[in-house]
Each structure stands twice: as C-alpha cells, then as structure tokens.
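For the numbering used here, count along the sequence shown from 1 and bump the result up by 26. Built from N, CA and C at the ideal position, the CB exists for glycine as well.
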Amino acid sequence: MNTPLTWSEMLSLIRQNTKVKHGRGCDEPTVDAAEQALELNFPESYKQFLLTVGWLDFDGDEIFGLDDDLPEPYMNVVSKTTDERNAIHLPKCFLVISQTYMGNLVCLNTAETVAGECPVVFVRFSPVADMEILSASFLGFIKSFLLYGIEPLTENAFVSSGESAIETLTPITWREHRQRYYQEAQRLFETHHLSEQKLAHWHAATGRPWACNRKGLEIEARLFLQAHAWCRSVRSLSLRKWVEGIFALFYAEIEPTPESGADETVWVIVGDLPPTYLDTPSIPTVREAVEAYICLLEEWAEAVRKGEPTDELMPIYYRHSLIPVPPTLLYAEMVASRAQLLESILNDL
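What follows is the structure, given as structure tokens:
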C-alpha cells in the first residue's frame, strides 16, 4: 500500500543505503540563519533533512544542504541559490537543492507551501526551457531520488519526441552555461511570474466570504482556468449545475493561447472538491460531465489504494491551488467520499 513515510523512516533508509554519503547535520541556528539569508521559509521535511543529514550524495547525484563538511562549495544551498539569483534572476521563492549534468536545476517552490510542505520542481533551460513538478514534497522527492537517482527523474523523464535524452556536451563553465541560456531563463521565469500572479488573484478571490455563493464560485472557476498556460482568457461562463455547499459546474468559452491546441469550450468544476476541467466534445451533457468527474475521482482513489502510480490520471488539486495533493490513503478516502457524495445526487441531474 502507498503509505506516506515519516522523516524518521526516511532517515533509516538513508543510513542503511550503502551507496549514500551524507553529512552529520547542522543545528537549528544554522538553519534559521539560512532562512533569514535567503528570506525564505524552508518546508518542514527539508528542515529535518538539514538537521539530521545536512547534505547527501547518492552514487554521484547530490542534494545540496548545510554543514561544515560539505564535499564541494557549490553544495551549500545558500550560496548556490544566491549564485543562481544573481546569474539568471532565479525567482526568490525557489530554493536550489540539486542540479543535473545538463546544468538544469531542481528547486523547492516555497511560494506554493501547503501544510508546511511545498512542491519540488525541475527547472530546465536546455535543450528547451520549461518547468515540471517532480513531487508534492521534498520527502516524496527524496524517496524517488533514492530509488532512481537524479537523471531518470529529470532529464530522461521529460524528453519530447524532438529531443535526445543523451547529448554530447561540450565542456563549459557554469558561468558560460548561464550566459548561453540567460534569455531562455528569462522567458521561463516571466511565464512563471505571470502564473504566480494569476494564482495570487485566485487566492484573494476564493478567500473572501462570498466565495461559496454562485458569484464567488464563478470567479473561482474563471481564475482556475486562467491559471493554466493554455487559457489566455475566459470569454464566458454559464452555470449549468449548482449544489449549494458542494460544487458548481460551468460551461466555459475560452480564448486558448496560440499553438496550445486547447479547445475553445470546456466544462469546469469548482467547490468543496478538487477543481478540474473536462473536454466538451466527448462529454456533451451535464449528467455525463458529472459522471465523468466521478469516474476520474474513483480511478485516482483506487490507484492510490493499490499503490499504483497516478501520474497519468487526472491531477487532484488542493482547492485553492494548482498543487497536487499527495497520493496517500488519507487523501484517497477523502476523494472517494466526494465521489460517493456526487453519486448520491446524480438522480437530480
């Protein structure tokens, strides 16, 4: 079963792994000083990593940290993050915890912290510039890191049909690399900044008292769609089903971003359940939209119960964020209960 690990259990796995080298850990004042220097609040699991392990090397792949016995100066998380801020204007909410042989970065996105944890993102500049979420938390990332290493999780995992997973690299310095890909980095971070602005508007709207009524849910649906890169704007929203205190289903007409390939109409569901959007061409009616949503919720919950991967399934987001919930049994039961609730009201549709 896919039960979540505690940090104590993860620490035991680290210490038992013969391929792992790590430090002795540092004290709390050192962690506090690092947070103050970077003006960030580290997620809880990464703090535990710093306090108990300090840094980590798994068969040549590294996790940056703090300690007085760091093997290499660049493994200091404060100096590494500061260097990237100075060189490529890395967003200040990002904390650099690793890098790949291609010079791309693995970061903690502290701007999207929920319940003391934040997602781990892969920030790459070459051969293409984009970002991908690797894990909902640092603890989840470490678990995968110890199973596969850094490259299978990053460079080899996000190779498109037009790319090569392994390239012949001409040796260049770190600074030369950053100068070469500076423009790509700026375009990437501008896209990220716009996305963060949309999410900030979304947080502000859904946090207001009227966010549970029809008007509030309409605003929530609009901002949820606009938080996606494929949606340039929302032309119209038509409320097709509303169950007070539970959910609202809208038929949306959107202006897709150029070359995104997105349809101009979608269903969007918001409320006291995971927000999502659904295709309209294959799901033409309100009842079919709700039935499809129920099936997707049940599919995710069942996969988690069986310990199966959920990467190819509908993402299950926290209500007010595009952060996916961790695939734990607790969340599986919560999602399943939402599906059962919707099943009970199907006859009224």
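Roughly how far, in whole angstroms, is the beta-carbon of Val-154 from the beta-carbon of Cys-133, given that I think they are within contact range, below 8 Å? That pair is no contact at about 17 Å.
Indicate the three-state DSSP secondary structure (helix, strand or coil) for Met-27 in the structure shown. A caution first: Met-27 carries a pLDDT of 40, below 50, which makes its placement in the model too unreliable to give a value.
Going by C-alpha to C-alpha distance, which of Ser-370, Thr-32, Leu-64 and Arg-204 sits closest to Glu-70? Residue Thr-32 is the option with its Cα nearest to Glu-70.
If you check the beta carbons only, do Ala-318 and Ala-358 fall under 7 Å apart? At a Cβ-Cβ threshold of 7 Å, Ala-318 and Ala-358 do not count as neighbours.
In chain order, what residues of the same chain lie with their CB nearer than 8 Å to the CB of Leu-66, ignoring the 5 residues before and after it? Apart from sequence neighbours up to five positions away, the residues of its chain that approach Leu-66 with a beta-carbon distance below 8 Å are Lys-118, Cys-119, Leu-121 and Thr-136, ordered along the chain.
For the putative contact between Pro-353 and Val-330, defined by C-beta atoms under 8 Å, what is the C-beta separation to the nearest angstrom? About 5 Å separates the two Cβ atoms, so the contact holds.
Could you tell me how far apart the beta carbons of Pro-399 and Pro-341 are, in whole angstroms, since I believe they sit closer than 8 Å? It is not possible to answer for residue 399, since the shown part of the chain is limited to 27 through 375.
Identify, in the order they occur along the chain, each residue of the same chain with its Cβ nearer than 8 Å to the Cβ of Ala-365, setting aside the five sequence neighbours on each side. For Ala-365, where only same-chain residues beyond five positions count, the Cβ hits under 8 Å are Ile-320, Leu-323, Glu-324 and Ala-327.
Assuming the contact rule is C-beta atoms closer than 8 Å, Ala-211 and Arg-240 should be a hit. Round their C-beta distance to whole Å, please. Going by Cβ atoms, the distance from Ala-211 to Arg-240 rounds to 42 Å, so no, they are not a contact pair.
Suppose only complete runs of 4+ residues qualify. What are the alpha helix (DSSP H) ranges in the region 82-123, listed by chain order? Fully enclosed alpha helix (DSSP H) runs of 4 or longer: 103-114.
Is the beta carbon of Thr-302 less than 7 Å from the beta carbon of Ile-295? Yes.
With burial defined as no fewer than 16 other Cβ atoms inside 10 Å of the residue's Cβ, what is the status of Arg-213: buried or exposed? Residue environment: Arg-213 is assigned as exposed (fewer than 16 neighbouring CB atoms within 10 Å of its CB, all protein chains considered).
If contact is defined by three or more beta carbon pairs under 8 Å, each pair taking one atom from either stretch, is the region 252-266 in contact with the region 280-290? Two segments are said to touch when three or more pairs of C-beta atoms, one from each, lie closer than 8 Å; by this definition the region 280-290 touches the region 252-266.
Please list the segments of the beta strand (DSSP E) lying wholly inside the region 276-348, counting only runs of 3 or more residues, in order along the chain. Runs found: 291-297 and 302-305.
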